[in-house]
Amino acid sequence: MTKRIIQRIVAWGYVSLCISKSFSAPAVDELFDERSASILVVEFFVETEIDRRPTSVNGIVIDSNGVIQLSASAVPSWVPVDKLKEFKVYRLGESDSHDATYLGSDREHGWHYVQAEEAIRDKLKPITDYPLVELKTGQPLWGIGVAMKDMDFAPYFMRAEVSTIQKLPETVGFATSEITSPGSLLFANDGSLAGWGSSALNMERYLTIEGRRYQAYLRKPDQTTAFYVASELVKSLGNIPESPDINDMTWLGVVGLQTIDDEVAELMGLGDQAAISISQILKGSPAAKAGLVERDMVLSVDGKPLKRYTPRRVVVADFEQQIAGKTIGDSMLLGISRGGKLMEIEVALEQSPKPVRQADRKYFEDTGLTIREFVVYDNVSLKLDLELDEIPGVIVSFVKPNSNAHTGGSQNGDLIKEIDGVAIRDFDQAVSIMEELESNDSKNDFVMLVARGAETSVLRITLD
Amino acid sequence: MLVKMLPPSIMLKKGKLIVGLGFLVISLSLDSSFARAGSSFDRLLQAVVRIDVRETTFAGGSARLVSGVGSGVIMSRDGLVMTNAHVVSPQAVDIWVTLASLERVRAELLGWDHWTDLALLRLDMRDIEERKLGFSVARFGRSDSLKPGQTVYAVGTPHGLSRTVTKGIISNKERYYHDLSGIRGYETGFFNTWLQTDAAINPGNSGGPLVDSAGRVVGINTRTYLGADNLGFAIPEKTARQVMEALEEQGEVERSYIGLSPGFLQDMEGFYSLEANQGMLINSVDPGSPAALAGIRASDIVLSIDGRKLDGRFPEQIPPIRNLIASYPIGSTLTFELKRGDSTLSLSVETERLESRVGEEWAFEKWGLTVREVSRTFARELQLESDDGVVVIGTQSAFPAEKAGLRRGDVISKVNQSELVGLEELKEIYENFDSNPDALLMETQRNRTVSYKVIKP
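Residue numbers (our numbering), protein chains in the order written: chain A, 140 to 603; chain B, 795 to 1251.
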């Protein structure tokens, strides 16, 4: 969400003047060397049924225990934790790797944590050692860029000025030109910590090829103008979960949140109050139990009116973050407008149902198919409206190319409702049916009933 | 599979087809049977017409005219002309027919059936009589008695080149293909298989006849594989004759609907322990349809309908079965004998009227907004909660609808906080707005996400 907003902001962030005024900070080379020890490159790979996808991201050292913080997008959110393999860290400018462990992600901001092995911890410098700086527009900054692997991730010097600072709802700064690498750091001239590089923004460009003009969005993978402002960032560092696979997410059970725009609010008699409309309420969710209904408008949380943000859709991001910031069992007092009538509804937040990444899954090699447990959130993507404990089948989460399942017509995302005429009521049942089918030598084929959108299909899968 | 309808020249304007004139030189060799049938073939040539159409399109946020060229064949003394539904549609505002004598007369649309891609026109007979114009009438042959390899001719107006004759053979009598494109969103090709021919068929041939050596109409040329050589498809005479009769009498073909999507049983007979050559697999049952209400489920096997045994193992066997169901009068009660697992059961299904997914279209010019009524079928397809409301099919930039943020595909479900039943209601609202402009609050849905938009004068 935030990323998309940042992308919109770029237009005027980028337009800002590039003042190439030279400055000479005292001993900036010393500061540069020392601060480079706060940045590490983290490598790991995502293991799938048939391949391994390597990933390499920059992270920052946040304490003396070698804990490294990575951005929310560093690890794909749908990948089960046990599929994240072989975490390694590199110090900038070094070719030797060190082992590391994945610790999980922060529920409010989605940041990931990795811990470096003990042997190198004393060579790392936590960012909490540095003073912070209050940023001003036009202020000169310098940052640490991180080179590619074949350059041993060597750090290099960058500089620019503060262009603008926005609340989205995180406090995000933009520099007049590229100032750091995504996941790396930037500083004020005196060495105080200014920010943490976020992913680069898409730059709108026109390409003219043989006289034809194309609109293109370009993004640098290794340099960025956008950063999280350090003075705000440090307030929420280090919310490390108890275990990597814990589900401590709070859940309200509302879907399709939309910020009401100003003209609509005025027509609805809401004045200049920021408001959010709710498109859908999941059955059995805390929202449903508390009596929220579809099309209710949220105006306030715990007595405080929703903050107005520019652009308006940040209001939704802020609301979602407020929910995520609560603890399971907390209650939330929502100010609601329902068809013009104002009311207050207290919702007791519950533990979120299993997220997709935690759903059980199993790969069947002969068939070439992975099935995954149906989770409550599948109701949204499949446009179902089931009770909380209702399970309509299992989901196909992988089909191996040219496998029996592929030839038989299986597709990623299919909801398997029946296998060989037996209705699927839970994941374990589906697994035992599939295991039986694959181990039964006299069985040459089987039939699955799958749902895809509003239609179903009967697929015949051969076994050989 | 890229099977394209042979478009009128609309497609040419879009630049999708680039054709060198050199390819269109006609070489007509007369074989012996052709020579013998010369006079009847001449008569056929005199019955083939060029059709120029201007029609309204609602695609871009306002009502606009597009023009196209196609072919047709005169089938009766009183001026009935067969053509394709994608050549002349109910949106047509002008239909001009050029007779073989090079005289142009107006025609009106008598009936339209997108399901089989056929339309029936009537020439302006008063004008023809006043001007003492002459034309020939073509005769139907029998598509059932065609043999693969048999010589056939296609006659029409490819790329606007009137009265072009091309020659080929019947390549396949029962071609089946799954239609993906439809006719501007309208479903087509459910109820018939196709005659496949290698006679050259190009855009503009649409609606022209495929004839045997004696000049008898065995099919109506409709489609071709774009980018392939000599893969043309015609609607067989058997289908065309039935549809023509219905269109002449009622202007439409009434069909029964029960809500089944058949699958091919191919290779699965063993699995379902079926007797040889029997059964049709049910792939899908539309929610809320007569079949669903009767208790028919996906993966059931239909053994018979009203005592008539079904054989639906192969794709080309499916359209005739669909046609069988469709041809019962609306409201008929059909007895389905089904196999479900090891048991057989018998269920009664009462048919409904078959409706298209495409509802009525309209332009609200001052809003720069074009919409389409949400049909029951469309609502089912998109898993909408109801078939109320209208769906946006176009907006014009810098007009109120576009400025409000309406986009193609949004379903407008409420206006000023009250439910919008359908297009008629929105027309009234538009008229009130026109005489008394005041900001309107629209509630829209897209993938179940509700948004609010304001249309301002």
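Where a beta carbon is used, it is the ideal one built from N, C-alpha and C, also for glycine. This structure is a prediction, so every number in the text was calculated from the model and none was measured.
Can you round the beta-carbon distance between residue i and residue j to whole angstroms, since I take them to be within the 8 angstroms contact cut?
i: Trp909/B; j: Pro884/B; result: Contact doesn't hold; Cβ gap of about 14 angstroms is too wide.
i: Val272/A; j: Ala333/A; result: 5 angstroms
i: Leu242/A; j: Val228/A; result: The Cβ separation is near 13 angstroms, so there is no contact.
i: Ala239/A; j: Val181/A; result: 7 angstroms
i: Asn543/A; j: Ile600/A; result: 5 angstroms
i: Val1143/B; j: Ile1052/B; result: 5 angstroms
i: Pro1109/B; j: Tyr970/B; result: 4 angstroms
i: Pro531/A; j: Phe513/A; result: 7 angstroms
i: Ala299/A; j: Ser320/A; result: So it is not a contact: roughly 13 angstroms between Cβ atoms.
For residue i, tell me which candidate among the options has the shortest Cα-Cα distance.
i: Val1165/B; options: Asp836/B, Ala853/B, Leu838/B and Val843/B; result: Ala853/B
i: Thr546/A; options: Glu405/A, Glu526/A and Val586/A; result: Val586/A
i: Glu1063/B; options: Leu1087/B, Arg1107/B, Ser1229/B and Glu1048/B; result: Arg1107/B
i: Gly198/A; options: Leu525/A, Tyr345/A and Ser338/A; result: Ser338/A
i: Arg978/B; options: Ser1150/B, Gln1211/B, Gly1135/B and Glu1146/B; result: Ser1150/B
i: Ala293/A; options: Pro531/A, Arg246/A, Asp261/A and Leu231/A; result: Leu231/A
i: Arg858/B; options: Thr1189/B, Gln1211/B and Ser1207/B; result: Thr1189/B
i: Gly322/A; options: Glu343/A, Ala213/A, Ile572/A and Asp401/A; result: Ala213/A
i: Ser833/B; options: Thr951/B, Ala932/B, Gly1082/B and Glu923/B; result: Ala932/B
i: Gly1009/B; options: Asn1210/B, Val1185/B and Met869/B; result: Met869/B
i: Tyr980/B; options: Gln944/B, Leu1087/B, Glu1154/B and Lys1197/B; result: Glu1154/B
Verify the CB distance criterion: does residue i have a CB-CB separation below 7 angstroms to chain A?
i: Glu1179/B; result: no
i: Gly976/B; result: no
i: Leu1217/B; result: no
i: Asn1024/B; result: no
i: Ser1245/B; result: yes
i: Ser861/B; result: no
i: Asp825/B; result: In this prediction, Asp825/B has a pLDDT of 47, which is less than 50 and means its spatial position is unreliable; nothing more can be read from the coordinates.
i: Pro801/B; result: Residue placement at Pro801/B is poorly supported in this model, since its pLDDT is 48, which falls under 50; the coordinates still yield a value, given next. So, not an interface residue.
i: Lys808/B; result: In this predicted model, Lys808/B has a pLDDT of only 34, less than 50, meaning its place in the structure is not dependable enough to derive any value.
i: Glu1196/B; result: no
i: Val1209/B; result: no
Using a threshold of 7 angstroms, state whether the C-beta atoms of residue i and residue j are closer than that.
i: Asp911/B; j: Thr1033/B; result: no
i: Leu263/A; j: Val196/A; result: no
i: Arg1174/B; j: Asp1080/B; result: yes
i: Arg1035/B; j: Phe934/B; result: yes
i: Ala463/A; j: Pro425/A; result: no
i: Asp845/B; j: Gly873/B; result: The sequence shown places Ile at residue 845/B, not Asp. In this structure, Gly873/B does not lie closer than 7 angstroms to Ile845/B by Cβ.
i: Gly1013/B; j: Glu1031/B; result: yes
i: Ala255/A; j: His237/A; result: yes
i: Gln419/A; j: Val437/A; result: no
i: Met388/A; j: Arg246/A; result: yes
Could you give the residue range of the beta strand (DSSP E) that holds residue i?
i: Tyr252/A; result: His251 to Ala255
i: Gly1153/B; result: Val1152 to Phe1158
i: Pro193/A; result: Arg191 to Val200
i: Asp168/A; result: That residue, Asp168/A, is in no beta strand (DSSP E); its alpha helix (DSSP H) goes Val167 to Arg174.
i: Lys1208/B; result: Val1205 to Val1209
i: Tyr356/A; result: Arg351 to Leu357
i: His237/A; result: Ser236 to Ser244
Strictly under 7 angstroms for the Cβ-Cβ distance: is residue i near chain B by that measure?
i: Gln460/A; result: no
i: Val453/A; result: no
i: Glu371/A; result: no
i: Ser418/A; result: yes
i: Lys422/A; result: no
i: Gly430/A; result: no
i: Arg591/A; result: no
i: Ser542/A; result: no
i: His237/A; result: no
i: Thr595/A; result: yes
i: Val586/A; result: yes
i: Arg599/A; result: yes
i: Val437/A; result: no
i: Gln362/A; result: no
State yes or no: is the C-beta of residue i nearer than 6 angstroms to some heavy atom of the ligand ADP?
i: Val1079/B; result: Because no ligand of any kind appears in the structure shown, any question about the ligand ADP cannot be addressed here.
First and last residue of the alpha helix (DSSP H) that includes residue i?
i: Thr1033/B; result: Glu1031 to Gln1044
i: Leu912/B; result: From DSSP, Leu912/B is part of no alpha helix (DSSP H) but of the beta strand (DSSP E) over Leu912 to Leu917.
Taking C-beta pairs closer than 7 angstroms, name the residues in chain E that residue i reaches, listed in chain order.
i: Arg1242/B; result: The structure shown contains no chain E; its protein chains are A and B.
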